[in-house]
Each structure stands twice: as C-alpha cells, then as structure tokens.
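There are 2 protein chains.
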Amino acid sequence: MKTGVMTNIAEAQLIALDWGTTSARAYLIGNGGSIVAERSSALGIMQVAAKAQSESLTLSRAFNNTLTELCGDWLASFESIPVIACGMVGSQQGWAEAAYRQVPANLADPEFELETVEIAPGRVMHIIPGVLDLKELPDVMRGEETQILGAIELSDLAPNSHDEQWFLLPGTHSKWVKVSGRTITEFSTSMTGETYALLSSQSILSKLIEPSDSVDWNAFERGVRVSQSPEGGADLMLTAFSARTLVLTGRLGKAEVADYLSGLMIAAEIRSVIGTSMTVSVPPLTICGNKELSARYTKALNVFGIDQVRELQGTAPRGIWAIACTQGLLQSASV
Amino acid sequence: MKTGVMTNIAEAQLIALDWGTTSARAYLIGNGGSIVAERSSALGIMQVAAKAQSESLTLSRAFNNTLTELCGDWLASFESIPVIACGMVGSQQGWAEAAYRQVPANLADPEFELETVEIAPGRVMHIIPGVLDLKELPDVMRGEETQILGAIELSDLAPNSHDEQWFLLPGTHSKWVKVSGRTITEFSTSMTGETYALLSSQSILSKLIEPSDSVDWNAFERGVRVSQSPEGGADLMLTAFSARTLVLTGRLGKAEVADYLSGLMIAAEIRSVIGTSMTVSVPPLTICGNKELSARYTKALNVFGIDQVRELQGTAPRGIWAIACTQGLLQSASV
C-alpha cells in the first residue's frame, strides 16, 4: 500500500523503516522529523525468509529486493540520504544481527553502535540494536526501544526528568518497560496476544466463539473483574476454562466469549505485573500500540484503579529520527 | 485395533465404553469386573461428527454405525448383556446429552439417572452423566468421574472413609478433584495440555524446539523450579517467554526447550491449585492418566515437597463396572 503526501518531498532527510516479524513500514522523513510519506506492507522478516526459500535467493538478496519493493523509488530519488531501520530485521532471523544493548540502556546515547548492511555500492542501511535485560529470566526487545524513544520525544513529560515512567507496548508479545529519563532500566514480556490468538482460534474455546464486529465492553470488563477476584486469581490456564463453562451453564452468551476471554487475559497480564491491590500506585504509564488494543488495556487498567494512562500511536518514526540525529547520521543544518 | 484375550468370553457380563472427544475404548467385562477383551480406536465424538457430515447421516445413525464398528461382534454374540458408556458421548456434541449431576455428587448413589439411547429394537446403551460444579467460575467433567470411581474401587484406601482425598487427571484439560468417600465435592480444570500443545507447536517458542525421543528430566525440573521461584511467579504468559530468551542468551539448549516449558506449565498449574509454599500439606493424591504424563506430574509434585502421590492407569472400565452394579444393570448372581 503506497500512500503519503508528496508535496514536501524535496525536503526528504531520512528513509526510516520499522521492520518487524510480520510487517514492514517505511517512512520518508523531512526537516524536523516530519513524515513526508509513509507506506506499510505485510513484508515482515518471516515473509522475506519464505521468499528467499521459494525463490532460491540468499537471505541478503531477498531482504534487498524487499527493500527495493518497499521504497526503491525513494532510494533512487534521494541517493545521498541515510537509511535506517529498527525491529526484527536486526535479529538472528533478520538481515543482519545487531547485537543487543544491555539495560540500563540510554536510548539517547550517541556512542552505541548501529549495525550496517550494504544495500548498494557505497550505500548502507543502519540497523538499530534491540535491548537485552539479562536478569534471572532474561528478556529481549527489538523495535520497542525505538517506539519508546519516539514516545518520549513526542510527549510533554520533561525529557530530562529521571523520574521513572512506564511504557506498555501491547501486541503479539506485549512489553512492560520501566524507563528513567531516556534510559530503559528493566522490562518484561507477556505472550498475551499470541496466546489469545491461539486459544480463541484453535482451542476448545474457539468452538463457542461467535464473531462480532464490535467490542463488547461489558463482557471485556467482566473478564477483567473475574481475573481480579479471588476465584479468578489462578493461572490463566485454569481461569480460561470458565469461558466455556459459563456458556454451558447459561451465564455467558456465545457472542460475549471473545471479549470475556480478552478481558480475562489482559487482566491476568496486568495482575502479574502490578499485583491485584486496588490501592497500588504505578508511575505515569504510556501505552504505545494500535488504537483498539490500547483502548482495551486502558479500560482494564482503569478497572484496576489506574487512571493515569496515556495512549500514543505511531511513535516508531519519531524514535528512528531521534536516533539518526544523536548518531550524527544527518549532516544538514535542518536537523 | 482389536485386541484382547477371548478365552473367558463365555463369562461376558457387560459391554463398557469410555467414549471421549478424540478416542473411544470398548471393554468386554466378565464376572467380578474382570476385563475379558478391550479395544481402542480414534473414533472419538469429533470423528463421529465429521463422519455424519461427510456421509450425510444423522448424528444418531453415525454414532450407532461407529458403535457397530467398535464392537458389533460383541453386541451380536451377547444379545442380552447391558451396554454402558461414559465420557463426552453424553455431551451436547455427543450421541445424547446426559444432564450433569451437581456436586456434591455421590458416585455410588444408586438413584442417579443414566441417559439412554436406542441401539437396536428393544436394546439401549446407557450413558453415565458428567458432573457439574456450579461455583462462581463453574466447572464440568464427563468421564473423569467414572475414572475416579474406578480408582477408588481399585485402591487400597478404606472405601468408606470420609477423609478427603484428591484426584488429578492430567491431559488436554487436566482436572483436580476433591473427593470425600465416594463423593466429589469440588473440582477445577486447567487447560494445560491444550495450551502446551498450541505453544509448543505453533507459537514463537515452537521455532526453537528440537524434537527429542526421551524426556529431559533435568530441563523439566528446571522449569518446575523456575515456576516456584519469585522470578517465575507471574502468569504463564509472562514466564513462558523465558523458554525463548534463555536460548537466545545461551543458558538453555534447544533440545531442552520442550521439557523446560512442560515443567514451567505443569508447575504453574500446581502452584495455582496448591500454592507455592514448600510446607503445604495436601490430602492423599492419586493421579489417573497415561504413564508419561503422570510421571511428569509426580516429579513436579515431588519438587513441591509432595511425596504422597500414587499413579493408576486404566481406571475407567472398573468405574463403569461399579456404576453398572450399583444401578442394578447386572442381573446375574456373578456380580
């Protein structure tokens, strides 16, 4: 899908890519970090790997072909502007592995090293490394760190404040991230989105689910409240079965199952991170993710008594721009 | 698969079926409950439903055809002996719905009602109802109640004792059941087996798993201990990601992932049911399930400090026999 207002294209300063597992987004960025044009596609690294295999290409060649498919016209029109990517493109399964930075990781540190791959003679694409939290049960992220930096840049929170704030990046693997200033200090991943997709489409629960066009917020909130209750305090593997038994006993409609389960799962995730107490206080919390999913987490957090929640979308290009600036990739005075 | 010693076939007293979602087992039972012959097949109720659809048969007709396929020769040779089944064959998706009995459910009560379906003019098959626990988050079982009764009959525990004992029936949906005498008082279901199958075959974790012929008990025990630790105390959706990050950081081998995850999940289930305390005391516990899975639960329970664990296999036919006796289905003096 190629879209974007091209009027300011003469100002193009940077080609930025948010290249994940199942999708790739390309941004043409102009003066001051403004987005001149953007495109998204389903050409995530999994698709690229599949393409490499089916067309008997090296992985590098398949990635470079995909880059051309995504934004070959921009690369041709702006031969001297830098190209930089974040996300799973820098993983072992990606184009080139960008070694993780360990927490505490200052996202605005000008010294950290970008990986590079050659995309044409004399031209490279830079890859922003992910972050590793080498705790007892380690954790990793690739791409989310850049979204977080973008959120900090876009936010009205004092950027030099060292007060802790939290970021939540919901999705297939949602991330809960503690940040002090611009430094990631600790984080945890929950496989909520992926587990929900599997349970709701393939488990015994899937047979009860009647599809619906809109979110049933009452059913969702019921799931959240069940997860908060003493009866719902067990691991999700035990409470999830209630999505079936409540239907069998006539206490839940089939059209409510999907959102009840969603509430149950999101609340189990929140409960694991912040506890069940209604009096818990958490630092200012920003959710970076798609609107519908962010709305679910905000709603659930509200039920937990947490009202200081802000939602931001599309923070990745702003984060990539900030890193390109601090890394000195942009030579022009217009930065 | 037709097997069984047929020498004592003249003594046949009862045709018993343990008819579940994905499999059906038929037993020809002789004097005193001895198994004269047995057969198992993959003709569970899901397969019967698929057959009904593909061959344009009514569900009843498809079930009756399947019964003939399973044990038509027994039905023909022993025209006057009773036929009785337990399991999902008595569910809404089965042959005929046998209304649940509610807890407290005395499994040896001669008064509870069996469902019946006609299998030939003047001949019926009886269906043993499942059990319903109508608590805040309700729970249901079909078939497990009969396995439990069989285990009590087979066990050396004083059968009239009203001391509480626990039964664990691991599997796709594992059941934890509190029993007093022969009465089920409360139970809970964990979707552990089904969730494990989905995560280990289809999630991001599946990409790391190297198949192995034998159980890696060290990896399994490590998963159990992680789940017991403060770091592993979160919901499984959070701790499961460690099966990936420990590999990425070189702390877990790919050949260990499957059993590490299994230990993590089984322990999260146990933790939800009995808590994490090492000093917890639970009533005598009997595991009824297949040998490998039972061994995993026994091992995990041992790590939790619970040593009083007994394993029993193949308890369903004994339970069906006991119910046939108390219900007066067997007229002969040989009972």
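Those protein sequences? They're chains W and Y, same order as listed. Using the working numbering, you'd call the opening residue of the first sequence number 10 and step up by one each time. Using the working numbering, you'd call the opening residue of the second sequence number 10 and step up by one each time. Cβ atoms here follow ideal geometry from the backbone N, Cα and C, with glycine treated the same way.
Cα atoms of Lys-60 (chain W) and Ile-329 (chain Y): separation of roughly 56 Å, rounded to the nearest angstrom. When C-alpha distances from Leu-163 (chain W) are compared across W:Gln-322, W:Ser-183, W:Pro-91, the shortest belongs to W:Gln-322. Between Val-112 (chain W) and Ile-136 (chain W), the C-beta gap is not smaller than 8 Å, which leaves the two residues out of contact. When the Cα atoms are used, Glu-195 (chain Y) and Lys-187 (chain Y) turn out to be separated by approximately 5 Å. For Lys-184 (chain W), the closest of W:Thr-125, W:Phe-87, W:Ser-199 by C-alpha to C-alpha distance is W:Ser-199. Listed in chain order, the alpha helix (DSSP H) runs fully inside the region 254-298 of chain Y are 266-283, counting runs of at least 4 residues.
Proximity of chain W to Val-235 (chain Y) at the Cβ level (cut-off 8 Å) is accounted for by Leu-146, in chain order. For the region 207-225 of chain W, the set of positions with a beta-carbon nearer than 9 Å to some beta-carbon of chain Y reads Leu-207, Leu-208, Gln-211, Ser-212, Ile-213, Leu-214, Lys-216 in chain order. Counting C-beta atoms within 10 angstroms of its own C-beta, Glu-47 (chain W) has 16 or more neighbours from the protein chains shown and is therefore classed as buried. Taking a contact to require three or more Cβ pairs closer than 8 Å, the region 300-309 of chain W and the region 224-235 of chain W qualify as touching. In the three-state reduction of the DSSP assignment, Met-150 (chain Y) falls in the strand class.
The Cβ atoms of Leu-177 (chain Y) and Leu-270 (chain Y) do not sit closer than 8 Å to each other. Put simply, the region 288-298 of chain Y does not touch the region 210-218 of chain Y. Fewer than three CB pairs are less than 8 Å apart.
Within the model, the alpha-carbon separation for Ser-65 (chain W) versus Ser-100 (chain W) is close to 21 Å.
Within the model, the alpha-carbon separation for Leu-338 (chain W) versus Thr-324 (chain W) is close to 20 Å.
The bridge partners DSSP lists for Ser-189 (chain Y) are Y:Glu-173, Y:Thr-192. Met-134 (chain W) is bridged by DSSP to W:Val-92, W:Val-126. Going by DSSP, Tyr-306 (chain Y) is part of the alpha helix (DSSP H) stretching over 300-312. If you ignore the 5 residues before and after Gln-336 (chain W), its C-beta comes within less than 7 Å of the C-beta of Pro-119, Leu-123, all in its own chain and listed in chain order. Within its own chain, the residues whose Cβ lies closer than 6 Å to the Cβ of Gly-103 (chain W), once the five positions on either side in sequence are excluded, are Ile-54, Met-97, listed in chain order. In the structure shown, the three-state DSSP call for Glu-106 (chain W) is coil.
If you draw a straight line from the Cα of Met-150 (chain W) to the Cα of His-171 (chain Y), it comes to about 54 Å. Between Ser-197 (chain Y) and Val-133 (chain Y), the C-beta spacing is not below 8 Å.
Between Ala-94 (chain W) and Trp-175 (chain W) the beta-carbon gap is near 26 Å, outside 8 Å, which marks them as no contact. Contacts with chain Y (Cβ-Cβ distance below 9 Å) from the region 235-266 of chain W involve Val-235, Ser-238, Pro-239, Glu-240, Gly-241, Gly-242, Ala-243, Asp-244, Leu-245, Met-246, Leu-247, Thr-248, Ala-249, Phe-250, Ser-251, Arg-253, Thr-254, Leu-255, Leu-257, Thr-258, Arg-260, listed in chain order. In the three-state reduction of the DSSP assignment, Val-112 (chain Y) falls in the coil class. Taking the Cβ atoms as the reference, Ile-157 (chain W) lies roughly 7 Å from Ile-193 (chain W), within the contact range of under 8 Å.
In this structure, Glu-78 (chain Y) and Ala-114 (chain Y) do not form a Cβ contact; the two beta carbons are roughly 32 Å apart against a cut-off of 8 Å.
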